[in-house]
Structure formats: structure tokens, C-alpha cells
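Asks:
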Amino acid sequence: MDNLTFPKIKEAIEKYQTIGIAFASGSNLDSTAGALSLYLSLKNLGKNVTVASPSSPLVEVSSLVGIDEVSTGFGGAGGDLVVSFPYKEGEIEKVSYTRDENFLNIVVKAGELGLGFDEKDVKYSRSGAAPELLFVVGTPRISDLGPLFDPAILKDTVVINIDNNSQNQGFGDIVMVSNRLSSVSEAIANLLLALNLKIDLDIAQNLMLGLSNATDNFQSESTSPLAFEIAGILMRQGATRPSQKIARRRVSEDDFIKQQERQIRVQSQESARDQEPIRQQEPVLEQAEKKEKTVENPPEDWLEPKIYKGSTNF
6 MDNLTFPKIK EAIEKYQTIG IAFASGSNLD STAGALSLYL SLKNLGKNVT
56 VASPSSPLVE VSSLVGIDEV STGFGGAGGD LVVSFPYKEG EIEKVSYTRD
106 ENFLNIVVKA GELGLGFDEK DVKYSRSGAA PELLFVVGTP RISDLGPLFD
156 PAILKDTVVI NIDNNSQNQG FGDIVMVSNR LSSVSEAIAN LLLALNLKID
206 LDIAQNLMLG LSNATDNFQS ESTSPLAFEI AGILMRQGAT RPSQKIARRR
256 VSEDDFIKQQ ERQIRVQSQE SARDQEPIRQ QEPVLEQAEK KEKTVENPPE
306 DWLEPKIYKG STNF
């Protein structure tokens, strides 16, 4: 990301009317909050905006404003209906159509070789209407978007890549990726502020939830200084910090299992100590009897006559 990134994004937003915002399947609360906040902000500008993900968002992000607007493609009313069937040279003379009241009939006129297919071989598909500008949010690899990112359909689309993941592949025409930021929501908030776009209460609360989730309610060591500044701005817009319980909802089932295993180990150790055999102590009476039986032998010269040896001074 360079000093020209923000001006380039601003120019692209001003230039294009049809805008798409995409995020990967299974995206966490932070990435989803960032994508939805950008969606709401651009919608407030009067842009034709679509926010999409290859699959339905996770349950844990259901509290975010705009989550019900997430679709699985950029088709909409502007998409094309494609009718496909097998084709060999000489089988088809021409393709035309006729109108019959409220129906449009596609007519495939057989050629010299005749048609080599029938009704069961005909396929129908809806091609997506490509947005002029596409923001890819919190998605390290373009493959994470699955069928949502079709190079053939998006060949003329300007792609802006926004992320804070150090593993991001750096795809896109404009890349706004920095691992110095502690959250995607922080990156989106910084972008909106830099472009002087309005941050209303819904946007502020979304960003606060994402920021709090990514930083463990600002307790993580990786929380950047900018995160605290952004949080202050969001709170001035009416956003409230979630409780510790909500912010740390990411405690996984594995953590719970590990906690239970530790508790079981402690209980097992205590049980082992309780069952340890008590050392057998000798009765006091037997100890006294042993002492009586233990008599020291007299010295060897005990029975010999004793001669007194004195000292006389002459």
C-alpha cells in the first residue's frame, strides 16, 4: 500500500456506479463486518452495490447490520440467460426466434446432418452481471471466492484488494493490504475516514464489533495503536463496545475439551494420592523390646587386675 492508494480508490468510486463487494466463505466476524460496513457506506452514496459471498454467512455474524443483504452472486436482474446445447458442423442451419403471446420461442433449424441432440441435452444457466468495480475484503486468495470470481465475467472489472493478512497474495488492480493493522474492520474504517465518507451508527457498530472481535476486546498484544484511535472515533458516533463474553465468543470447542482434559488429569492425580499405601509403622511395644535385647559387650580387659598409676613429685 502506497500514498496513492486512497486517491486511486476514491477516483474509482467516483467513476463507477455498479460496485460489488465480495468476501470468502466462512469469513469471521471481522472480515464480514468490514465488508458490510463498506457496503452500507457506498449504498449511502447512491451507488448500485451488491455484497456477495460464495455461501451463506456464519451464524455468529447474524447480528451485523446488512447481513440479510448478502447474496451468492452478482447476477441480479442484469444477468444473462444462456441456453446451451451440443453442436457439430452441419447439424444446425440457423437459430431464430418467434413470439407466441407471452412466450419467446428459440428455434434451432436443423441442417443437412440433422440435429444430434434432443430436449434432455439442452442446458440453461444464468451468467452474472459483472460489476464495474469490485472490492474483495478480508480474502487472502482469489480462489477463496470460488465461483463468485469468474475471470471471464470479471475481465473488465477493476478489483480492489483490502486485507490485513500477511499471507494475502496481493492480487487486484489496487492493493490495500497491510499486516501492521490488527483487523480488517480497522482497514475499512481508516478507508472511510480517509475518503471522508459518512460513518453512521449502523456502520460504526458493525466496525466496532469486528474490531473488538479481532483484538479480543483490545486485549491482544497485536492490537495496533490505530485500532484504539478508530475505536474512539466509532464510540463518538454512538458505537458501544461489546461485553467480554461477546467479544471472546471465539473460544472453540477444542479449548473446552482441553480444559476438561486438564481437570480430569488434576482429579486423577488427587485420586492417586488418596490411594497411595500408608507405610507400615512398627508398634511402640516391639520397639522397646528390641532396645532391651540390644546390650553392648564389655571391654576385653574388664576382668584383669587393675594397677593404679599415680604421679609423685620428688
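Each residue of the sequence shown is one higher than the one before, counting from 6 in the working numbering. Cβ coordinates follow ideal geometry from the N, Cα and C atoms, glycine included.
Is F122 near P152, with beta carbons less than 8 Å apart?
Replies: Stepping through the sequence shown from its first residue, residue 122 is reached at position 117. Stepping through the sequence shown from its first residue, residue 152 is reached at position 147. No, the pair does not count as a contact, with Cβ atoms beyond the cut-off.
Asks: From S227, G116, L202, pick the residue whose C-alpha is nearest to that of G51; which is it?
Replies: By 1-based counting over the sequence shown, the position of residue 51 is 46. Selected option, being the one with the closest Cα: L202.
Asks: Taking the alpha-carbon of R241 as reference, which of L206, A219, N218 has the nearest alpha-carbon?
Replies: Taking the sequence shown and counting its residues from 1, the one referred to as residue 241 is at position 236. The shortest C-alpha separation from R241 is found at L206.
Asks: In the DSSP assignment, what are the bridge partners of S101?
Replies: To locate residue 101, count along the sequence shown from 1; it is residue 96. Per DSSP, V112.
Asks: Here's the rule I'm using: 16 or more other beta-carbon atoms within 10 Å means buried, otherwise exposed. How should F79 be labelled?
Replies: Working through the sequence shown from its first residue, we reach residue 79 at position 74. F79 comes out buried.
Asks: When we look at the beta-carbon of N338 and count the other beta-carbons within 10 Å, is it buried (16 or more) or exposed?
Replies: Residue 338 lies beyond the stretch modelled for the chain, which goes from 6 to 319, so this question has no answer here.
Asks: Determine the direct distance from the alpha carbon of I167 to that of I14, and round the result to whole angstroms.
Replies: Counted from its first residue, the sequence shown places residue 14 at position 9. Counted from its first residue, the sequence shown places residue 167 at position 162. Distance from the CA atom of I14 to the CA atom of I167, rounded to whole angstroms, is 11 Å.
Asks: For my contact list, I165 and M181 are in at a C-beta cut-off of 8 Å; report their separation, rounded to the angstrom.
Replies: For this step, residue 165 is matched to residue 160 along the sequence shown. For this step, residue 181 is matched to residue 176 along the sequence shown. Their Cβ separation, rounded to whole angstroms, is 7 Å, which keeps I165 and M181 in contact under 8 Å.
Asks: Report the partner residues of F140 according to the DSSP bridge assignment.
Replies: To locate residue 140, count along the sequence shown from 1; it is residue 135. BP columns for F140 point to I26, I165.
Asks: Mapping DSSP to helix, strand and coil, what is N218?
Replies: Translated into the one-based positions of the sequence shown, residue 218 becomes position 213. If DSSP states are grouped into helix, strand and coil, N218 belongs with the helices.
Asks: Taking contact to mean at least 3 C-beta pairs separated by less than 8 Å, is the segment 180-197 in contact with the segment 31-38?
Replies: yes
Asks: Which partner residues does M181 have in the DSSP bridge list?
Replies: Counting from one through the sequence shown, the residue named residue 181 turns up at place 176. Partner(s): I167.
Asks: May I have the straight-line CA-CA distance separating K114 from E98, to the nearest angstrom?
Replies: What you label residue 114 is simply residue 109 of the sequence shown in a count that begins at 1. What you label residue 98 is simply residue 93 of the sequence shown in a count that begins at 1. Each residue's alpha carbon lies about 6 Å from the other.
Asks: With N8 as the anchor, note down where its alpha helix (DSSP H) starts and where it stops.
Replies: Within the sequence shown, numbered from 1, the residue matching residue 8 stands at position 3. Per DSSP, N8 belongs to no alpha helix (DSSP H) and is neither H nor E.
Asks: Grab me the residues of S257's own chain with a C-beta within less than 6 Å of its C-beta, minus the 5 sequence neighbours each way, in chain order.
Replies: Within the sequence shown, residue 257 is the residue found at index 252, counting from 1. Below a pLDDT of 50, predicted positions are generally treated as unreliable, and S257, at 44, falls in that range; no measurement from the model is reported.
Asks: Under the three-state reduction of DSSP, which class applies to N53: helix, strand or coil?
Replies: Taking the first residue of the sequence shown as position 1, residue 53 is located at position 48. N53: strand per DSSP, three-state reduction.
Asks: Report the rounded CA-to-CA distance for I208 versus Q174, giving the unit in angstroms.
Replies: For the purposes of this step, residue 208 is identified with residue 203 of the sequence shown, where counting begins at 1. For the purposes of this step, residue 174 is identified with residue 169 of the sequence shown, where counting begins at 1. Distance from the CA of I208 to the CA of Q174, rounded to the nearest whole angstrom, comes to 28 Å.
Asks: Hey, how far is the Cα of A219 from the Cα of L212?
Replies: What you label residue 219 is simply residue 214 of the sequence shown in a count that begins at 1. What you label residue 212 is simply residue 207 of the sequence shown in a count that begins at 1. Spanning the two alpha carbons is a distance of roughly 11 Å.
Asks: Just the C-alpha distance for P59 and L118, rounded to the nearest angstrom, thanks.
Replies: The residue you call residue 59 lines up with position 54 of the sequence shown. The residue you call residue 118 lines up with position 113 of the sequence shown. Spanning the two alpha carbons is a distance of roughly 42 Å.
Asks: Using the three-state DSSP reduction, which class does S89 fall into: helix, strand or coil?
Replies: Taking the first residue of the sequence shown as 1, we reach residue 89 at position 84. Reduced to three states, the DSSP call for S89 is strand.
Asks: Would the beta-carbon of L139 fall within 8 Å of that of A27?
Replies: Along the sequence shown, one-based indexing puts residue 139 at 134. Along the sequence shown, one-based indexing puts residue 27 at 22. For L139 and A27, yes; Cβs fall inside 8 Å.
Asks: By DSSP, does K61 sit in helix, in strand, or in coil?
Replies: Against the sequence shown, residue 61 aligns to sequence position 56. For the sequence presented, residue 61 should be read as Ser rather than Lys. Reduced to three states, the DSSP call for S61 is coil.
Asks: Does DSSP put S46 in a helix, in a strand, or in coil?
Replies: Along the sequence shown, read from residue 1 onward, the residue named residue 46 stands at position 41. Helix, per DSSP.
Asks: Taking the alpha-carbon of K125 as reference, which of D178, P136, F108, V88 has the nearest alpha-carbon?
Replies: Counting from one through the sequence shown, the residue named residue 125 turns up at place 120. Answer by Cα proximity: V88.
Asks: Please identify the residue among N170, L63, G215, R185 whose C-alpha is closest to the C-alpha of P230.
Replies: Counted from its first residue, the sequence shown places residue 230 at position 225. It is R185.
Asks: If you draw a straight line from the alpha carbon of G95 to that of K128, how long is it in whole angstroms?
Replies: As a working mapping, residue 95 is identified with position 90 in the sequence shown. As a working mapping, residue 128 is identified with position 123 in the sequence shown. Roughly 21 Å between the two C-alpha positions.
Asks: Please name the residue or residues paired with S76 in a DSSP beta bridge.
Replies: What you label residue 76 is simply residue 71 of the sequence shown in a count that begins at 1. Bridge partners of S76: A57.
Asks: Can you give the Cα-Cα distance for G243 and N107, rounded to whole angstroms?
Replies: Residue 243 sits at position 238 when you count from the first residue of the sequence shown. Residue 107 sits at position 102 when you count from the first residue of the sequence shown. Approximately 53 Å between the Cα atoms of the pair.
Asks: Per DSSP, what kind of secondary structure is K128 in: helix, strand or coil?
Replies: To locate residue 128, count along the sequence shown from 1; it is residue 123. It is a strand residue.
Asks: How long is the line joining the alpha carbons of V75 and L47, rounded to whole angstroms?
Replies: The count along the sequence shown starts at 1 and reaches residue 75 at position 70. The count along the sequence shown starts at 1 and reaches residue 47 at position 42. The straight-line gap from Cα to Cα measures roughly 15 Å.
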